[in-house]
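So the sequence lines, in the order shown, correspond to chains X and W.
Quick note: the first sequence uses the working numbering, first residue 109, plus one each step.
Quick note: the second sequence uses the working numbering, first residue 2, plus one each step.
All residues carry an ideal CB built from backbone N, CA and C; glycine is no exception.
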Amino acid sequence: MERYVLRLFVAGQTQSSLQARHNLDRICADHLKGKCDITVTDIFEDSDLAEAPKVLATPTLIKEWPAPLRRIIGDLSDTQKVLAALSLIPPAPAT
Amino acid sequence: MPHSTTEKQSLEKLATGIPGYDELSHGGLPKGRTTLLGGTAGSGKTIFAVQFLVEGITRHNEGGVFVTFEESPEDIRKNVGGFGWDIAAWEKAGRWVFVDASPQPGDGTIVTGDFDLTALVTRIERAAKKIGAQRVSVDSLGALFTQIQDDALLRREMHRLSAALKDHGLTTVMTAERTKEYGDISRFGIEEFVADNVTILRNVLSEEKRRRTVEILKYRGSNHQEGEYPFTVLSERGLVALPLSAIQLKQKSSVVRVTSGNPELDAMCGGGFFRDSIILLSGATGTGKTLVTTQFIEGGAKKGERGLLFEFEESREQLFRNATGWGTDFERMEKEGMLKVVCEYPEVSSLESHLLRMKDLIDEFKPSRIAIDSLSALERVAPVKGFREFVISLTSFIKHQETVGLFTATTPTLVGGTSVTEAHISTLTDSIILLRYVELRGEMHRGLMVLKMRGSPHNKAIREFTIDGTGMHIGEPFRDVSGILAGNVHQVRPAGVIHGQL
């Protein structure tokens, strides 16, 4: 399995930020066998890093590798949607 | 939200730099608050938003943050370059910062749980802090609502953003799309959180002509001009609003007389035209309107008064040839700086643009007398309401300059009749002179009458006049006939002699 390069933008210690970090760690361990480089950026500490990827929402997860680049917003609690966005499972059929 | 009435006195405002809008709003946008700018696609919202920041940077030393959800910063820099605004230079100088939130190609957003727009709010706050900004433009909310399809969340977050901007004392313009020119302020119900201040830009199709208007719908804590006012978009200047009725009643009137260029006509008017007055000259084609105009210009030039002639019906060559035929040398007058002739097709631009160009030329040339031949030609390019506003604005502007204005109007029928132009503007002019064809015993004669001369007695007879190589000659009143104005001339008994002399 390829190594995943993921960047997570959070806003300090808010509920959804903490939740997103927790969920991402879990998904990485359960579904990626730990093969992921995760960088967490707190926009309160370094908002400049949010400029180039044009981050609006927090939390935002950006899958930088493997291609294609994907942008996932929210606290990552909908695991099926996250896995589909990471191309780990086929996307859910539209209802 | 509690609002005390004492705010009325203390409300500070920031100029938008949009000529006219600052007059309509009595000073600009409310300081430290958010104003919602609604408009359909192509109504000029982005230009307004950019111009607001440009004004801050160029005239008030206030930095600006431009938040874009729609166009890329690159596109915006390029699109407003035509107005002479060099955003890249201001960015280098640390006066302008983009917060780029424009969508990226192939970037579908997937939502997997709770989120908010803290990142956006933080980026805007940091950008403002970095350059010490006072002004923020957000363009446009519609594009944000397309990017993130959760209206309730966005409303909440926009409310938070407005509050954050207010906390930092930032004065903000937020643009929002409208789907219709009349109806809801915006598509998204966002007026709920910035409802204190709402301005609408419109681009309406009226009588098959485009008409741009600006309206201040709400302005909490401040008086403002109500209703729709026309505006236009000019290269090198951006938006320019025309607050017509706001300026119309400040005219002074003069008792100074100036010559009409024709001694007999001067006598009929009781000693010439008033200096700050507007004279409407009405007549069918060929009755001599251009001749009266020519004499008006020449008469002024002989007394050292500079004339500005706007010609919308004839070409320059034709006009100069006609003048030469009556012994007037326009070419020499122009060389000597006593005259400026501007020939244009009415259709080359909108009435608003004509108006601004005319005002600019008047400011530049500073004439003592102005002639427009003809107003009827300009009427072709605007709906009725727009035309009337144009005349109001132009007449009040001319009167402010201590200038006399002669406007011609063409009547559609050869005998009798009034023109549409007259019907709309006769009350706005100080004097009305009619030129009419008169059919008498199988021959066409020409008649002239001073119908109205505000503030002065005048000769009320319909006098016959002739035109020859030396110009116009006003003779005796028509005798023993009646019904000239109605275009239905008939003999009356010779006993009823009409006195024509003053």
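For residue i, count neighbouring Cβ atoms within 10 angstroms of its own Cβ and tell me buried if that reaches 16, exposed if not.
{"i": "Thr325 of chain W", "result": "exposed"}
{"i": "Gln492 of chain W", "result": "exposed"}
{"i": "Tyr230 of chain W", "result": "buried"}
{"i": "Thr471 of chain W", "result": "exposed"}
{"i": "Leu250 of chain W", "result": "In this predicted model, Leu250 of chain W has a pLDDT of only 44, less than 50, meaning its place in the structure is not dependable; the value taken from the coordinates is given anyway. It counts as exposed."}
{"i": "His459 of chain W", "result": "buried"}
{"i": "Leu243 of chain W", "result": "buried"}
{"i": "Arg124 of chain W", "result": "buried"}
{"i": "Tyr112 of chain X", "result": "buried"}
{"i": "Lys79 of chain W", "result": "exposed"}
{"i": "Thr180 of chain W", "result": "exposed"}
{"i": "Asn62 of chain W", "result": "exposed"}
{"i": "Ala42 of chain W", "result": "exposed"}
{"i": "His4 of chain W", "result": "Unreliable placement is indicated for His4 of chain W, whose pLDDT of 44 sits below 50; the coordinate value is still reported in the next sentence. Exposed."}
{"i": "Asp145 of chain X", "result": "exposed"}
{"i": "Pro176 of chain X", "result": "exposed"}
{"i": "Val439 of chain W", "result": "buried"}
{"i": "Ser68 of chain W", "result": "The question names Ser, but residue 68 of chain W is Val in the sequence shown. It is buried - the Cβ of Val68 of chain W has at least 16 other Cβ atoms within 10 Å."}
{"i": "Pro199 of chain X", "result": "exposed"}
{"i": "Glu332 of chain W", "result": "exposed"}
{"i": "Asn224 of chain W", "result": "exposed"}
{"i": "Ser236 of chain W", "result": "exposed"}
{"i": "Pro413 of chain W", "result": "exposed"}
{"i": "Asp23 of chain W", "result": "buried"}
{"i": "Tyr220 of chain W", "result": "buried"}
{"i": "Asp152 of chain W", "result": "exposed"}
{"i": "Lys189 of chain X", "result": "buried"}
In the DSSP assignment, what residue or residues form a beta bridge with residue i?
{"i": "Leu114 of chain X", "result": "X:Ile146 and X:Lys171"}
{"i": "Leu435 of chain W", "result": "W:Ser283 and W:Met450"}
{"i": "Glu126 of chain W", "result": "The partner list for Glu126 of chain W (beta bridge, DSSP) is empty, contrary to what the question assumes."}
{"i": "Arg212 of chain W", "result": "W:Val205"}
{"i": "Pro478 of chain W", "result": "W:Arg464"}
{"i": "Met445 of chain W", "result": "W:Glu440"}
{"i": "Ile491 of chain W", "result": "For clarity, residue 491 of chain W is His in the given sequence; the question names Ile instead. DSSP output for His491 of chain W lists W:Ser483 as bridge partner(s)."}
{"i": "Ile373 of chain W", "result": "W:Phe311 and W:Phe408"}
{"i": "Arg136 of chain W", "result": "W:Gly65 and W:Thr172"}
{"i": "Leu37 of chain W", "result": "W:Met175 and W:Val199"}
{"i": "Cys344 of chain W", "result": "W:Glu312"}
{"i": "Phe99 of chain W", "result": "W:Phe67"}
{"i": "Arg179 of chain X", "result": "X:Ile170 and W:Thr110"}
{"i": "Arg14 of chain W", "result": "Reading off the sequence, residue 14 of chain W comes out as Lys, not Arg. In the DSSP output, where bridge partners are listed per residue, Lys14 of chain W has W:Pro31."}
So which residues of chain W does residue i contact, with C-beta pairs closer than 8 Å?
{"i": "Ala158 of chain X", "result": "Ala120, Thr123 and Arg124"}
{"i": "Asp183 of chain X", "result": "Thr113, Gly114, Asp115 and Phe116"}
{"i": "Ile151 of chain X", "result": "Thr119, Ala120, Thr123 and Arg124"}
{"i": "Ala119 of chain X", "result": "Asp117, Thr119, Ala120 and Thr123"}
Could you work out which residues of chain X lie near residue i, taking near to mean beta carbons separated by less than 8 Å?
{"i": "Ala144 of chain W", "result": "Residues of chain X passing the Cβ test: none, with the nearest at roughly 11 Å."}
{"i": "Ala102 of chain W", "result": "Lys162 and Leu164"}
{"i": "Gln105 of chain W", "result": "Lys162"}
Under 7 Å Cβ-Cβ, which residues of chain W neighbour residue i?
{"i": "Pro167 of chain X", "result": "Phe116"}
{"i": "Val190 of chain X", "result": "Thr113"}
{"i": "Asp186 of chain X", "result": "Thr113 and Gly114"}
Could you name the residues of chain X that residue i contacts, counting a contact when the two beta carbons are closer than 7 Å?
{"i": "Arg127 of chain W", "result": "Ser155"}
Which chain W residues are close to residue i, counting only those with a beta carbon under 9 Å from its beta carbon?
{"i": "Ile180 of chain X", "result": "Thr110, Ile111, Val112 and Thr113"}
{"i": "Ala193 of chain X", "result": "Ile111 and Thr113"}
Below 9 Å on C-beta distance, what does residue i contact in chain X?
{"i": "Ile149 of chain W", "result": "Leu164, Ala165 and Ile181"}
State yes or no: is the beta carbon of residue i nearer than 9 Å to at least one beta carbon in chain A?
{"i": "Ala128 of chain X", "result": "Going by chain labels, chain A is absent from the structure shown, which instead holds the protein chains X and W."}
Relative to the ligand GTP, is the shortest distance from any of its heavy atoms to the C-beta of residue i smaller than 8 Å?
{"i": "Gln127 of chain X", "result": "With respect to small molecules bound, the structure shown includes none, and the ligand GTP cannot be examined in it."}
*asked:* I'd like to know if the region 96-116 of chain W and the region 169-187 of chain X are in contact, where contact means that at least 3 CB-CB pairs between them fall below 8 Å.
replied: yes
*Entirely within the region 215-302 of chain W and at least 3 residues each: give me those beta strand (DSSP E) ranges in chain order.*
229-235, 239-242 and 279-284
*Between the region 143-162 of chain W and the region 55-64 of chain W, are three or more C-beta pairs nearer than 8 Å?*
no
_Whole alpha helix (DSSP H) elements within the region 303-328 of chain W, 4-residue minimum_ = 317-326
*Decide if the region 258-275 of chain W is in contact with the region 350-364 of chain W; the criterion is three or more beta carbon pairs, one per stretch, under 8 Å apart.*
no
*Could you give the uninterrupted runs of the alpha helix (DSSP H) lying entirely in the region 388-413 of chain W, keeping only those of 4 residues or more?*
none
*Is the region 199-206 of chain W touching the region 40-49 of chain W, taking contact as three or more C-beta pairs under 8 Å?*
yes
*Stretch pair the region 379-395 of chain W + the region 325-335 of chain W: three plus CB contacts closer than 8 Å*: no
_With three or more C-beta pairs closer than 8 Å as the rule, is the region 161-169 of chain X touching the region 112-132 of chain X?_
yes
*Counting only runs that start and end within the region 159-185 of chain W, where is the beta strand (DSSP E) found for 3 or more residues in a row?*
172-178
_Counting beta carbon pairs with one atom in the region 77-93 of chain W and one in the region 157-164 of chain X, are three or more of them shorter than 8 Å?_
no
*Taking 8 Å as the threshold, find out whether the region 327-345 of chain W comes into contact with the region 393-408 of chain W through three or more Cβ pairs.*
no
_Quick check: the region 274-284 of chain W against the region 424-443 of chain W, are at least 3 beta-carbon pairs closer than 8 Å?_
yes
*Pair every Cβ in the region 135-151 of chain W with every Cβ in the region 141-149 of chain X, then say whether three or more of these pairs are closer than 8 Å.*
no
*Any contact of the region 305-318 of chain W with the region 444-452 of chain W, i.e. 3+ C-beta pairs under 8 Å?*
no
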